[in-house]
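Colleague:
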Amino acid sequence: MILPIIMAGGSGTRLWPLSRGNYPKQFLKLHGENTMLQETISRLNGLEHSPVMLICNEEHRFIAAEQVRQLDVKHSGIFLEPVGRNTAPAIALAAFKAIENNEDPLLLVLAADHVIEHQAAFLESVEKAKSLALQGKLVTFGIVGNTPETGYGYIKRGEAIENGFVVNSFVEKPDLSTAKQYIASGDYYWNSGMFLFKASRYLEELKAFRPDIYSACEKAVEVQNSDMDFVRVDKAAFEACPDESIDYAVMEHTKDAVVVPMDAGWNDVGGFAALWEVSEKDENGNAFIGDVKSVDTKNTLVFGEDKLVSTVGVEDLVIVNTKDAVLVAHKNESQKVKEVVNQLKRDQRSEVTFHREVYRPWGKYDSVDNGERFQVKRITVKPGAKLSVQMHHHRAEHWIVVSGTAKVHLDGEERFVTENESVYIPITSIHALENPGKVDLELIEVQSGSYLGEDDIVRFEDRYGRVK
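Position 96, counted from 1, in the sequence shown is what the UniProt record's numbering calls 96; the numbers after and before it change by one each time, with no gaps.
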């Protein structure tokens, strides 16, 4: 049986300001009606497989769980990495978990942030790879490229075998001239970063070539802590694990690497030029998302989140407007967005990590306005959800209900607050907010005080496991 392993880590910095540390690209709706993670899961429809296993960062756990819940599909658990250690250790965690019950499934390793236009072709390549994987081969999927891309690594094929080819070599990202030679030869594929192999075979090869990674991951899974949908491993053991990709750790060394071609409209959406490529365009080559009006504009990507964006007489641009940041870049230079992100990190700017709208397991909040000693938020609480029982040392809060009904817990007492009513939460009072209704609870929160940071929260009870 195939066990899909979906890797949902990563920060997607080349798509800033859409993608940010606390809400990266794999959780965004960039192509299609669903998020990229949801598209990856839905792509498996038609393939006989076990419920998917997700691997993601600790800080993204509630986002991942909510997006799986929205699809109404079963999963095999959400593995939480205490720290990022690249793909080789992440896959090792999944492999150790997969063989716990004396089973040895085929692991179909997928990234959560790829676009694949042709689902049938994707599934066909996976089916072709199964027999090779069952024979103990480590299968990688090589994308049949039609353009000399310099942003991808390549796989050179060797002799033909059943449904694929022996891997001759893995090649780093080439310059344009070399990439043209690769495509013209027909012997090279783009390296997709997707794999199929037995869990036991991957661990055998990892132990042979990188025993340090194998040992660290083995120790990490010896101590597991299950919390709702989440599976945590020993943090100290995993922190000691080297940071390495599966290509460098295993695939470049094993003698059992094979490549199965895949021609399925694949794109890793590694930057805005790639996002423009996969987006629907008008007769002038423009991809407009949001409220956009244009005059004499060509081959331009515009993403407008919350306001009208107008363009006049421009060409080959990327224009991204979010609630708290604007990016304007030449499409051919958009890979350099990462340099902007590095500047923001050096300046310790919050925009590198947080959107103005922040998602929580109970709903979300939008920081509408702020100034000296005050902050205004619009808060949405999902039906049946409850914020933690908490208190603040430095701020008071006023809650004004816009729609729905709030159940307010305040210093041991409970009361209901309905539309157009308000309640005052004094400094140091113990309080909680709950939505007892069947529709979203919308309210405006006005904070006032000497310090308004999110770390001024002392939690006493929390149904989402956030009490330390």
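Each residue gets a CB set at the ideal place from its N, CA and C atoms; glycine is no exception.
Among LYS293, LYS336 and VAL326, which one has its Cα closest to the Cα of THR311?
Modeller: The candidate whose alpha carbon is nearest that of THR311 is LYS293.
Colleague: Between the C-alpha atoms of ILE319 and PHE288, what's the straight-line distance to the nearest angstrom?
Modeller: Going from the Cα of ILE319 to the Cα of PHE288 covers about 10 Å.
Colleague: CA-CA distance, LEU138 and PHE272?
Modeller: Distance between the alpha carbons of LEU138 and PHE272: 32 Å.
Colleague: With which residues is ARG157 paired in a DSSP beta bridge?
Modeller: Answer is VAL167, bridged to ARG157.
Colleague: Could you check where the beta strand (DSSP E) with PRO261 kicks off and where it finishes?
Modeller: It spans 257 to 262 - the beta strand (DSSP E) in which PRO261 sits, taken as one unbroken run.
Colleague: For PHE416, which option in MET194, ILE427, ASP263 and ILE400 has the closest C-alpha, if you only look at C-alpha atoms?
Modeller: Comparing Cα-Cα distances from PHE416 to each of MET194, ILE427, ASP263 and ILE400, the minimum goes to ILE400.
Colleague: Along the chain, where does the beta strand (DSSP E) containing THR380 start, and where does it finish?
Modeller: 374 to 381 is the span of the beta strand (DSSP E), which, as asked, contains THR380.
Colleague: Taking the alpha helix (DSSP H) that CYS217 belongs to, which residues open and close that run?
Modeller: Residues 211 to 222.
Colleague: Do the CB positions of TYR154 and TYR188 come within less than 8 Å of each other?
Modeller: Yes, Cβ-Cβ distance for TYR154 and TYR188 is below 8 Å.
Colleague: In terms of residue numbering, what span does the alpha helix (DSSP H) encompassing MET36 cover?
Modeller: Looking at the DSSP string, the run of the alpha helix (DSSP H) that includes MET36 is 36 to 42.
Colleague: Using the Cα positions of THR140 and VAL337, report the straight-line distance between them to the nearest angstrom.
Modeller: Computed Cα separation, rounded: 30 Å.
Colleague: ILE116: which of GLY265, LYS382, ALA208 and GLU357 sits nearest, CA to CA?
Modeller: Checked all of GLY265, LYS382, ALA208 and GLU357; the closest Cα to ILE116 is GLY265.
Colleague: In whole angstroms, what is the alpha-carbon distance linking ASP259 and LYS468?
Modeller: Note that residue 259 is Val in the sequence shown, not Asp. Approximately 46 Å, taken between the alpha carbons.
Colleague: So, is GLU59 buried or exposed, given that buried needs 16 or more other C-beta atoms within 10 angstroms?
Modeller: Exposed, since its Cβ has fewer than 16 Cβ neighbours within 10 Å.
Colleague: Specify, as a first and last residue, the run of the alpha helix (DSSP H) that TYR182 falls within.
Modeller: Unbroken alpha helix (DSSP H) run through TYR182: 176 to 185.
Colleague: Restricting to Cα atoms, I'd like to know which of THR322, ASN435 and GLY313 is closest to residue 517.
Modeller: Lying before the first or after the last residue shown, residue 517 is absent from the chain, which here runs from 1 to 468.
Colleague: Just checking my contact of ALA64 with ILE78 at CB under 8 Å: how many whole Å lie between their CB atoms?
Modeller: Yes, ALA64 and ILE78 are in contact; Cβ-Cβ is about 6 Å, under 8 Å.
Colleague: Is the stretch 37 to 46 in contact with the stretch 101 to 120, if contact means three or more CB pairs nearer than 8 Å?
Modeller: The stretch 37 to 46 vs the stretch 101 to 120: in contact.
Colleague: Per DSSP, residue 471 forms a beta bridge with which residues?
Modeller: Beyond the ends of the chain as shown, which are 1 and 468, falls residue 471; an answer cannot be given.
Colleague: By DSSP, does MET251 sit in helix, in strand, or in coil?
Modeller: Of the three classes helix, strand and coil, the one that applies to MET251 here is helix, per DSSP.
Colleague: Taking the alpha carbon of MET251 as the point to measure from, which residue in PHE62, ASP227, SER177 and VAL167 has its own alpha carbon closest?
Modeller: Checked all of PHE62, ASP227, SER177 and VAL167; the closest Cα to MET251 is VAL167.
Colleague: Nearest-angstrom Cα distance between VAL389 and VAL458?
Modeller: Distance between the alpha carbons of VAL389 and VAL458: 8 Å.
Colleague: Helix, strand or coil for ARG14 per DSSP?
Modeller: The answer is helix: DSSP assigns ARG14 an H, G or I state.
Colleague: If we call anything under 8 Å between Cβ atoms a contact, is ASP263 one with ALA121?
Modeller: Going by C-beta atoms, ASP263 is nearer than 8 Å to ALA121.
Colleague: Which two residues bound the contiguous alpha helix (DSSP H) that contains SER131?
Modeller: Start and end: 119 to 134.
Colleague: What is the DSSP secondary structure of ARG463, counted as helix, strand or coil?
Modeller: The answer is coil: DSSP assigns ARG463 none of H, G, I, E or B.
Colleague: Going straight from the alpha carbon of ASN45 to that of GLN224, what length do you get?
Modeller: Cα to Cα, the separation comes out at about 30 Å.
Colleague: What's the gap between the Cα of LEU3 and the Cα of ALA179?
Modeller: Distance between the alpha carbons of LEU3 and ALA179: 34 Å.
Colleague: What does DSSP give as the partner residue(s) for TRP362 in the beta ladder?
Modeller: None, per the DSSP bridge assignment.
Colleague: Report the rounded CA-to-CA distance for MET53 versus LEU80, giving the unit in angstroms.
Modeller: Distance between the alpha carbons of MET53 and LEU80 is about 11 Å.
Colleague: Return the CA-CA distance between ASN22 and THR13, expressed in angstroms with no decimal places.
Modeller: Straight-line Cα distance between these residues: approximately 11 Å.
Colleague: Are the CB atoms of ALA95 and LEU108 within a distance shorter than 8 Å?
Modeller: No, the Cβ-Cβ distance between LEU108 and ALA95 is not below 8 Å.
Colleague: Looking at C-alpha atoms only, which residue of GLN447, THR380, GLU372 and PHE238 is the closest neighbour of HIS392?
Modeller: Nearest option by C-alpha distance: GLN447.
Colleague: Which residues in the same chain have their Cβ closer than 7 Å to the Cβ of GLY136, if we skip the five residues on either side of it in sequence?
Modeller: Result list for GLY136: LYS198, ARG201 and ASP256, in chain order.
Colleague: By Cβ distance below 6 Å, which residues in the same chain neighbour MET194 in space, the five residues on each side in sequence not counted?
Modeller: Correct list, in chain order: LEU110 and PHE141.
Colleague: What residues in its chain sit with their C-beta under 7 Å from that of PHE170, if we drop five residues either side in the sequence?
Modeller: GLY153, ILE155, ASN191, ASP247, MET251 and GLU252, listed in sequence order.
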